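Plus 596 on top of the position in the sequence shown (first one is 1) and you've got the working numbering. Written below as structure tokens is the structure these notes are about.
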Amino acid sequence: MICISKITSAQIAFQKTFGSTSSTWNDFGRAVLQDTIDGGYTIAGFTNSFGAGVGIYLFHTNVNGSVLWSKQYGSNAYGESILQTFDGGYIIAGLKYSSPGFHFYAVRTDNNGDTLWTKTYNNGTSPGAASDGTMSVWQTTDGGFVFTGYYDANNCFGIIRTDANGNILWTKAYGGGGEHSHSLQQTADGGLIICGYTFNFGAGDYDVYLVKTDNTGNILWTKTYGTTGVEEPYSVQQTTDGGYIITGKTQPGGILSQGYVFLIKTNSTGDTLWTKSYGGTVGEMGYSVQQTTDGGYIVTGVTYSFGAGGQDVYLIRTNSTGDILWTKAYGGINNDFGISVKQTANGGFIITGETSSFGAGGIDVYLICTDANGNSGCNESGTNTIVGNPSFITSSGGTILSSGAIAYHDSISVTNPVKTEIPLCTYVVIPQLSNNSETVNIYPNPASDIVTLNIDNIINADLILNIYNVIGELVKSELLKQNQQKINVKGLNNGIYIVEIKSKKWTEKQKLIIQR
């Protein structure tokens, strides 16, 4: 059944913290997504609030940020990345400590956070033989997974490719002995794009290291980007034009110099199209970037230059060429970090990180939901961000190294922690209605595999249909050649989508809910 409804109701923006009441217990938010089934938010990170050492912390809220359930997995484990799987569940990637070092770690759950399987991966002959760690995960088109992070033994990018049950299909290592990977994604051609830093190649101390592979991990090309100082990337995404967008921090004067957020936009072969830097007079860094539905970008990170004091969450909204549309800082007088950002189905943004300015005690998870202009209702300010055009030197380098990671089934304890949820503010967003006279009808309702678009008052117009999922990814696009046209939606999974119909003169957006 497919139900269609226009997005005309009020939207809720907010700021909230989640944590324990003890000043010695801490809770960290590392990744956030909007759930494709109920439209709520799922946050992954880690906590030491329950006396069993550090464990992966996963919780799910409704669209207003109220907790529906929470889980803690294992001990000596850290969640760094989360992805919603094709079946509506989750895959969490991170690190697990087993003396004398860390290892790749994965937890697979259903949509309620109940564990389906857990795996520890070690680049050695036995657990504890090396110190490795996962920083990012992606589900591949065949239902399997690919993890990236670092192999301490080789001091390089580590890649582990598995089937849907976490069993290893192949492993790779990339670099020359001085690399650390932070982010990856499967690309439209079935290969991989992997991003991190290199100390071995490039122009300076640390440089951005971008590796493109085919679907079996064979290198197609590599690029480095940087100055003679320090450049460290934290996030990469393939853009709708087939190229890539990368964010991180740049310190042109070296490790002790002032830092700035950077954005690098490349074409499909890694050639630079433009590079921008953003910041103030003290220091900034970018942790997460996503392309927005209008082709621009949203970046979150940390600012020392702006805000209420200490370090504050930094949010930068740009157009498609990196020019600023607006910027915001969020936080209090202590330290507040923005680690992950996603565009929401209503066009706003959801950010997670951590705060020591607010909360129940110690460091708490910080969750900020904004409208399309970055308004959340409190603890926020605009910034006088300075935009630069740094000259990064681009070169190639890096080799594929041997790798022999092995997997271990891991039995972990799962608890249901009760955290203190503190609302800092709630802001009601009244959406603006379209002034155009065109009427878009989508039917039938209910429907199974086909919907029909009927557009009144448009004659011989060039119309484009785009369908986005709740995290802003384009999942379907086609030209509309007539006012009434049938659209096949059989390939879309259950969940919430935004249907966008565009002409040269107007744009109409409606919400599409698919349930079967």
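Even for Gly, the Cβ is constructed at its ideal location relative to N, Cα and C. Computed from a predicted structure; not experimentally measured.
Exercise. Alpha carbon to alpha carbon, how far is N622 from I959? Give it in angstroms, no decimals.
Key: Here the question's residue 959 lines up with position 363 in the sequence shown. Here the question's residue 622 lines up with position 26 in the sequence shown. Taking the straight line from one Cα to the other gives about 5 Å.
Quiz item: Just curious, the beta strand (DSSP E) that E880 is in, first and last residue?
Solution: Your numbering for residue 880 matches position 284 in the sequence shown. Start and end: 880-887.
Quiz item: When DSSP labels each residue in this structure, what does R1112 get in the three-state scheme?
Solution: Position 516 of the sequence shown, counted from the first residue, corresponds to residue 1112. R1112 falls in the coil class under three-state DSSP.
Quiz item: Would the beta-carbon of V663 fall within 7 Å of that of E1017?
Solution: One-based indexing of the sequence shown puts residue 663 at position 67. One-based indexing of the sequence shown puts residue 1017 at position 421. Taking 7 Å as the Cβ cut-off, V663 and E1017 qualify as a contacting pair.
Quiz item: What number of angstroms, rounded off, separates the C-alpha of F933 from the C-alpha of T877?
Solution: By 1-based counting over the sequence shown, the position of residue 933 is 337. By 1-based counting over the sequence shown, the position of residue 877 is 281. Computed Cα separation, rounded: 18 Å.
Quiz item: Are three or more beta carbon pairs between the region 935-950 and the region 914-922 nearer than 8 Å?
Solution: Segments in contact, no.
Practice problem: Provide the residue span of the beta strand (DSSP E) that contains C974, from first to last. | Solution: Within the sequence shown, numbered from 1, the residue matching residue 974 stands at position 378. Unbroken run through C974: none, as it is neither H nor E.
Practice problem: Entirely within the region 762-788 and at least 4 residues each: give me those alpha helix (DSSP H) ranges in chain order. | Solution: Listed in chain order, there is nothing to give.
Quiz item: Under a three-way DSSP split, which group does P723 fall into?
Solution: Residue mapping note: residue 723 aligns to position 127 of the sequence shown, counting from 1. Unreliable placement is indicated for P723, whose pLDDT of 44 sits below 50; no coordinate value is reported for it.
Exercise. Check each candidate in L1088, S677, T617, V1071 and name the one with the smallest Cα separation from T638.
Key: For the purposes of this step, residue 638 is identified with residue 42 of the sequence shown, where counting begins at 1. Checking every option, the nearest Cα to that of T638 belongs to S677.
Exercise. Using only alpha-carbon positions, find the residue among V895, P829, N930, I789 that is nearest to S864.
Key: The sequence position of residue 864 within the sequence shown is 268, counting from 1. Nearest in C-alpha terms to S864, of all of V895, P829, N930, I789, is I789.
Self-check item: Own chain partners of G684 with C-beta closer than 6 Å, once the 5 adjacent residues on each side are dropped
Solution: Within the sequence shown, residue 684 is the residue found at index 88, counting from 1. Excluding sequence neighbours, G684 sits near I633, N707.
Quiz item: Along the chain, where does the beta strand (DSSP E) that runs through D728 open and close?
Solution: Counting from one through the sequence shown, the residue named residue 728 turns up at place 132. Where D728 is concerned, the enclosing beta strand (DSSP E) stretches over 728-735.
Quiz item: Just how far apart, CA to CA, sit T948 and G670?
Solution: What you label residue 948 is simply residue 352 of the sequence shown in a count that begins at 1. What you label residue 670 is simply residue 74 of the sequence shown in a count that begins at 1. If I take the Cα positions, the gap works out to 22 Å.
Quiz item: Where does the unbroken beta strand (DSSP E) through D908 begin, and where does it stop?
Solution: Within the sequence shown, numbered from 1, the residue matching residue 908 stands at position 312. Run containing D908: 908-914, per the beta strand (DSSP E) assignment.
Quiz item: Apart from the five residues on each side of it in sequence, which residues of its chain come closer than 7 Å, Cβ to Cβ, to Q1028?
Solution: Looking up residue 1028 in the sequence shown gives position 432. Low local confidence applies: a pLDDT of 46 at Q1028 is under 50, so the model's placement there is unreliable, and no value is given.
Practice problem: Specify the secondary structure class of Q854 as computed by DSSP and reduced to three states. | Solution: Translated into the one-based positions of the sequence shown, residue 854 becomes position 258. DSSP places Q854 in coil when its eight states are reduced to three.
Quiz item: Whole-angstrom Cβ separation of W766 and L679, contact assumed at under 8 Å?
Solution: Taking the sequence shown and counting its residues from 1, the one referred to as residue 766 is at position 170. Taking the sequence shown and counting its residues from 1, the one referred to as residue 679 is at position 83. With a beta-carbon spacing of about 20 Å, W766 and L679 fall beyond the 8 Å limit used to define contacts.
Quiz prompt | beta-carbon L1061 near the ligand SAM non-hydrogen atom, thresh 6 Å | solution = Among the components modelled here there is no ligand, and therefore nothing to report on the ligand SAM.
Exercise. Mind the definition here: the region 767-782 touches the region 693-710 only if three or more C-beta pairs lie below 8 Å; say whether that holds.
Key: No, they do not touch.
Quiz item: Buried or exposed: S722, going by 16 or more other Cβ atoms within 10 Å of its Cβ?
Solution: As a working note, residue 722 is residue 126 in the sequence shown. Note on S722: pLDDT 43, under 50, position unreliable in the model; no value is reported.
Quiz item: What is the DSSP secondary structure of L1088, reduced to helix, strand or coil?
Solution: In the sequence shown, the residue the question calls residue 1088 occupies position 492. Coil.
Quiz item: Can you tell which of Q1078, L1108, I989 has the C-alpha that lies nearest to the C-alpha of D1045?
Solution: As a working mapping, residue 1045 is identified with position 449 in the sequence shown. Of Q1078, L1108, I989, the smallest CA-CA separation from D1045 is found for L1108.
Quiz prompt | Inter-residue Cα distance where the pair is Q668 and V898 | solution = To locate residue 668, count along the sequence shown from 1; it is residue 72. To locate residue 898, count along the sequence shown from 1; it is residue 302. Approximately 27 Å, taken between the alpha carbons.
Quiz item: Between the region 844-851 and the region 813-826, do three or more beta carbon pairs fall short of 8 Å?
Solution: Counting Cβ pairs under 8 Å, three or more are found: they touch.
Practice problem: Kindly list the residues whose CB is nearer than 7 Å to the CB of C974, restricted to its own chain and excluding five residues on each side of it in sequence; keep chain order. | Solution: Residue numbering aside, residue 974 sits at position 378 when the sequence shown is read from its first letter. Q611, L1020, C1021, listed in sequence order.
Self-check item: Straight-line Cα distance separating Y910 from T981
Solution: Counted from its first residue, the sequence shown places residue 981 at position 385. Counted from its first residue, the sequence shown places residue 910 at position 314. For T981 and Y910, the distance between alpha carbons rounds to 10 Å.
Quiz item: Which term fits S1033, buried or exposed, when burial requires 16 or more other beta carbons within 10 angstroms of its beta carbon?
Solution: The residue labelled residue 1033 in the question sits at position 437 within the sequence shown. Confidence at S1033 is low in this model, with a pLDDT of 44, below 50, so the placement of that residue should be treated as unreliable; the coordinate-derived value is given next. Exposed.
Quiz item: For the putative contact between I1038 and Y1064, defined by C-beta atoms under 8 Å, what is the C-beta separation to the nearest angstrom?
Solution: In the sequence shown, residue 1038 corresponds to position 442, counting from 1. In the sequence shown, residue 1064 corresponds to position 468, counting from 1. Not quite, the Cβ-Cβ distance comes to about 15 Å (not below 8 Å), so this is no contact.
Quiz item: Per DSSP, what kind of secondary structure is N1065 in: helix, strand or coil?
Solution: Here residue 1065 refers to the residue found at position 469 of the sequence shown. Three-state result, N1065: strand.
Quiz prompt | Candidates K819, P829, G786, of which the one nearest T812 by Cα | solution = Taking the first residue of the sequence shown as 1, we reach residue 812 at position 216. The shortest C-alpha separation from T812 is found at G786.
Quiz item: Straight-line CA distance for T917 to E880?
Solution: Sequence index remark: in the sequence shown, residue 917 carries index 321 (1-based). Sequence index remark: in the sequence shown, residue 880 carries index 284 (1-based). T917 and E880 have their C-alpha atoms roughly 20 Å apart.
Exercise. Starting from the Cα of I1121, find the closest Cα among L654, Y926, A904, G978 and give me that residue.
Key: Here the chain has residues from 597 to 1112 only, and residue 1121 is not among them.
Practice problem: Identify whether P1027 lies in helix, strand or coil by the three-state DSSP scheme. | Solution: What you label residue 1027 is simply residue 431 of the sequence shown in a count that begins at 1. A caution first: P1027 carries a pLDDT of 49, below 50, which makes its placement in the model unreliable, though a value can still be read off. If DSSP states are grouped into helix, strand and coil, P1027 belongs with coil.
Exercise. Reducing DSSP to helix, strand and coil, say where W665 ends up.
Key: By 1-based counting over the sequence shown, the position of residue 665 is 69. Correct three-state label for W665: strand.
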